[in-house]
Amino acid sequence: EHNPYTIAALKDMLRTTALKSQLRSTIKEVSGETEQLHILAADTLKLKASDLAPLLGPAGAAFISVDGGHEAIHLVNDIELGAELLAPGGIIAVDDAFNHSTPGAIEGTCRWFDTRNEGRLAAFAQCYNKLFICRTADHASWLAQAKEYVRTHTHQDFAQRTMQRMEENDAIGFSPRFFDQEIVPFL
Numbered sequence: 246e247h248n249p250y251t252i253a254a255l256k257d258m259l260r261t262t263a264l265k266s267q268l269r270s271t272i273k274e275v276s277g278e279t280e281q282l283h284i285l286a287a288d289t290l291k292l293k294a295s296d297l298a299p300l301l302g303p304a305g306a307a308f309i310s311v312d313g314g315h316e317a318i319h320l321v322n323d324i325e326l327g328a329e330l331l332a333p334g335g336i337i338a339v340d341d342a343f344n345h346s347t348p349g350a351i352e353g354t355c356r357w358f359d360t361r362n363e364g365r366l367a368a369f370a371q372c373y374n375k376l377f378i379c380r381t382a383d384h385a386s387w388l389a390q391a392k393e394y395v396r397t398h399t400h401q402d403f404a405q406r407t408m409q410r411m412e413e414n415d416a417i418g419f420s421p422r423f424f425d426q427e428i429v430p431f432l
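Add 245 to a position in the sequence shown, counting from 1, and you land on the number used in our numbering.
Dropping the structure here:
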């Protein structure tokens, strides 16, 4: 007789192994190398920045994707991990930060900015359900790059819509802000 929990754990392990392999293959195809790629499948509520820092080296992470649990507790925890590990000039992409079907993600993102940020990070762009944040010291640079990206891609529908809204906002003296920092909302 088989233990259903052992079988379920084995299926999860095989699924995770297959997903890791697929991810590694895709990244190699796109970037050409995976030598420095570390894929860690873990419950982030049990991780500390000190657990992850050795994988990143002294510079920290250039890009972090927060896309795991969708309850407030997960977002607060995962954005905090990202804040501790982010390299100067790096970006954190927070998934579902404005997704109405995942209110916990919205709540957790706002809670982190309201109670934990202490001026360390600033949002500079929002694209559909992703919120892009960086170190506050890098905000002006990333904001300028986001605006320039819109200006140089007006042949694409999203950039036309975004540019139109930017011009409308400029005409009335309005700048979209998230926790007191200007952002570019891509439309």
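Ideal Cβ placement from N, Cα and C applies to all residues, glycine included.
DSSP-derived helix/strand/coil call for residue i
| i | result |
| --- | --- |
| I324 | helix |
| F377 | strand |
| A332 | strand |
| A317 | helix |
Bridge partners - residue i, DSSP secondary structure assignment
| i | result |
| --- | --- |
| S310 | A338 |
| R422 | E427 |
| A370 | F377 and V429 |
For residue i, the first and last residue of its enclosing alpha helix (DSSP H)
| i | result |
| --- | --- |
| L285 | Element bounds for L285: n/a, residue is neither H nor E. |
| I417 | Taken as a continuous stretch (DSSP letters only), I417 belongs to no alpha helix (DSSP H), as it is neither H nor E. |
| K392 | H384 to R396 |
| L301 | A294 to L301 |
| G349 | P348 to T360 |
Alpha carbon of residue i to alpha carbon of residue j, nearest angstrom
| i | j | result |
| --- | --- | --- |
| D340 | P430 | 14 Å |
| E427 | H283 | 33 Å |
| F403 | Q409 | 10 Å |
| A317 | S310 | 16 Å |
| A350 | I378 | 15 Å |
| L331 | L292 | 15 Å |
Inset, instruction - Evaluate the contact criterion for the stretch 397 to 413 versus the stretch 328 to 342: three or more CB pairs, one atom per stretch, below 8 Å. - result: These segments do not touch.
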